[in-house]
Amino acid sequence: MALLPLLFFPDPRLHTVAKPVPAVDGRIQTLVADMLQTMYEAKGIGLAATQVDVHERLIVIDVSEQRDQPVVLINPQLVWTSAETHLNEEGCLSVPGIYDGVERFDAVTVSALGVDGKSRVLQAEGLLSVCIQHEMDHLKGKVFVEYLSPLKRNRIKKKMLKAQREEAR
Ligand code: K1U
Ligand code: ZN
Numbered sequence: 013m014a015l016l017p018l019l020f021f022p023d024p025r026l027h028t029v030a031k032p033v034p035a036v037d038g039r040i041q042t043l044v045a046d047m048l049q050t051m052y053e054a055k056g057i058g059l060a061a062t063q064v065d066v067h068e069r070l071i072v073i074d075v076s077e078q079r080d081q082p083v084v085l086i087n088p089q090l091v092w093t094s095a096e097t098h099l100n101e102e103g104c105l106s107v108p109g110i111y112d113g114v115e116r117f118d119a120v121t122v123s124a125l126g127v128d129g130k131s132r133v134l135q136a137e138g139l140l141s142v143c144i145q146h147e148m149d150h151l152k153g154k155v156f157v158e159y160l161s162p163l164k165r166n167r168i169k170k171k172m173l174k175a176q177r178e179e180a181r
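In this note's numbering, the protein residues as written are 13 to 181.
Structural data, given as structure tokens:
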């Protein structure tokens, strides 16, 4: 297993639209293992392939307290969303240190392939539902700060660029 380098906002590669995974083979199984290790090491609850500069439709999630219930969704599709929505506090490993509210469906149903290549349907609510929606946005090239006002987004962009310049020194 390997730790993968993350892309950080405002890296333009975060806006790439991911393509379907063509086959769940050894390459994808290795990528899944590396993404899970990277997510756990970064103390995240989710990670999209986009964030590690792989532009294929693959996400990993673990919202369990013990960090022992990984969820792998390959070529995920939303098949149902609740009528109700809610404002939830979100963070993002690609926008470290920034947390803000985003309106999300309370519950979703997603169909996807698992790491074994088999189809599965997952019904989710609470943090899992929010995380699925956040990660599926990454696959569309959308970062959560794009839901915020242009003023907030620009402030975040400047803060990130300053932090990245200082880190590079
Ligand atoms: O996609 C990512 O960057 C991972 C992101 C997922 C996420 C967190 C919160 C709401 C929606 C999606 C993170 O894991 S950020 C770090 C984190 O562990 C966290 C932050 C806020 C609330 C709960 C967890
Ligand atoms: Zn994110």
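Backbone N, C-alpha and C define an ideal beta-carbon position, used for all residues, glycine too.
These figures come from a predicted structure and were not determined experimentally.
Near residue i, which residues of its chain fall below 7 Å by C-beta distance, leaving aside the five closest residues on each side in sequence?
i: A60; result: I71, E147, H150 and L151
i: F117; result: T93, S94, T97, S141 and Q145
I'd like the list of long-range same chain contacts for residue i, defined as Cβ closer than 6 Å, with 5 residues on each side in sequence excluded.
i: A119; result: S94, E137 and S141
i: C104; result: F156
i: A54; result: L105
i: F20; result: S106
i: Q135; result: T121
i: Y159; result: V114
Mind checking whether residue i and residue j have CB atoms under 8 Å apart?
i: P34; j: M172; result: no
i: S63; j: S106; result: The question names Ser, yet the displayed sequence has Gln at residue 63. Yes, Cβ-Cβ distance for Q63 and S106 is below 8 Å.
i: T97; j: E115; result: yes
i: V44; j: V127; result: yes
i: G109; j: L99; result: no
i: D80; j: I57; result: no
i: V36; j: G129; result: yes
Give me whichever residues DSSP pairs with residue i in a beta bridge.
i: T93; result: V120
i: A101; result: Per the sequence shown, the amino acid found at residue 101 is Glu instead of Ala. Answer is G113, bridged to E101.
i: R132; result: A124
i: L85; result: I71
i: E158; result: Per DSSP, none; premise fails for E158.
i: E137; result: A119
Got a sec? Which residues, its chain only, sit under 8 Å from residue i by beta carbon, not counting five neighbours each side?
i: K31; result: H67, E68 and R69
i: I168; result: F21, V107, I110, V157 and L160
Stretch pair the region 14–33 + the region 152–159: three plus CB contacts closer than 8 Å
yes
Inspect the CB distances between the region 71–87 and the region 111–129 and report whether three or more fall short of 8 Å.
yes
Would the region 47–56 count as touching the region 15–22 if we require 3 or more Cβ pairs under 8 Å?
yes
Taking only runs that begin and end inside the region 21–71, name each unbroken alpha helix (DSSP H) of 4 or more residues, in chain order.
38–53
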